[in-house]
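Residue numbers (my numbering), protein chains in the order written: chain A, 1 to 104; chain B, 105 to 282.
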């Protein structure tokens, strides 16, 4: 799968960046392409391009504050989870998405 | 500015005293104050608790990452403390919502966004490094300041291997919809 994701946590200091790394690693380990945009105190980093979004099979929002630029994902399949879910179970998240996408 | 510049041996303490989260946070805030990172421990600790109230900062493997933005901060940085006692801490990783922590990464970040901005790039890079379970496992078991600093600064492919991964995730089906 081609996955794009956005992480955003309340303080924008720690979880945004830890979870970005966890999602990236989990996706690679399970054999998927993944790019994660972080929306935290350091601003928007690793910003997703229009092409990456167009090519994505799924979009993951891992957040507990509002996502900036959500209009970019209109018409895409979006999985919306609290950041804590992606923190605790990044591989389970991606593997469940894979199964559900295959069943659609 | 390289990542190493945000690390400072003076605010790594391998003998953090205290039996509770509150005692440990105050002890660590005192170290930050003594080293000129903050100018008011009470204000700083209060601001840390404000963030704590929004969600758990235990990340498993005996590691906690309390953080918050405070106007008491004079210098952005990260205090690393190894506690002498296991400290009960709210956790996003365990089913009962708590874990025992012995390694605390206390992020010290100014609430003045312009002032914090440059350092935030480094702190975010450092936080990202904690997304690697091999690094987290090795940090949890580290015993010297040098080892802790090396583990933070090294690249992922320089981490080597561990016998058993702490924070190992069992893959299960989640109840998600899209």
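Idealized CB from N, CA, C, for every residue including glycine.
If you reduce the DSSP assignment to three classes, tell me which class residue i lands in.
i, result
"residue 223/B", "helix"
"residue 73/A", "helix"
"residue 197/B", "coil"
"residue 89/A", "coil"
"residue 9/A", "coil"
"residue 187/B", "strand"
"residue 254/B", "helix"
"residue 205/B", "strand"
"residue 63/A", "strand"
"residue 267/B", "coil"
Buried or exposed, going by whether 16 or more other CB atoms sit within 10 Å of the CB of residue i?
i, result
"residue 99/A", "exposed"
"residue 237/B", "buried"
"residue 74/A", "exposed"
"residue 124/B", "exposed"
"residue 85/A", "buried"
Pull the bridge partners of residue i from the DSSP assignment, please.
i, result
"residue 173/B", "213/B"
"residue 181/B", "212/B"
"residue 117/B", "185/B"
"residue 261/B", "Answer is none; residue 261/B lacks a bridge partner."
"residue 297/B", "Nothing about residue 297/B can be reported from this structure: the residues present for chain B run from 105 to 282 only."
For residue i, collect the residues of the same chain with a Cβ closer than 7 angstroms to its Cβ; drop the 5 residues on either side in sequence, then sort them by chain order.
i, result
"residue 242/B", "255, 263, 266"
"residue 52/A", "4, 35"
Spatial neighbours of residue i within its chain, please: CB distance less than 8 angstroms, with the 5 preceding and 5 following residues excluded, ordered by chain position.
i, result
"residue 30/A", "91, 94, 95, 98"
"residue 160/B", "193, 194, 195, 196, 201"
Which residues in the same chain as residue i place their Cβ atom closer than 6 angstroms to its Cβ, once the five residues preceding and following it in sequence are excluded?
i, result
"residue 27/A", "3, 34, 94"
**Prompt:** Counting Cβ pairs closer than 8 angstroms, one from the stretch 155-175 of chain B and one from the stretch 267-279 of chain B, do we hit at least three?
**Reply:** As far as the Cβ criterion goes, the stretch 155-175 of chain B touches the stretch 267-279 of chain B, which means the pair count is three or higher.
**Asked** Would you say the stretch 175-187 of chain B touches the stretch 14-24 of chain A, given that touching needs at least three Cβ pairs under 8 angstroms?
**Response** no
**Prompt:** If we count Cβ pairs, one from each stretch, closer than 8 angstroms, do we get three or more for the stretch 74-84 of chain A versus the stretch 140-149 of chain B?
**Reply:** no
**Prompt:** Does the stretch 2-9 of chain A come close enough to the stretch 57-65 of chain A that 3 or more CB-CB pairs lie under 8 angstroms?
**Reply:** With the cut-off at 8 angstroms, the stretch 57-65 of chain A and the stretch 2-9 of chain A touch.
**Request:** Evaluate contact between the stretch 186-194 of chain B and the stretch 228-235 of chain B, counting only Cβ atoms and requiring at least three cross-stretch pairs below 8 angstroms.
**Result:** no
**Prompt:** Using 8 angstroms as the Cβ pair cut-off and three pairs as the minimum, do the stretch 196-210 of chain B and the stretch 218-229 of chain B touch?
**Reply:** no
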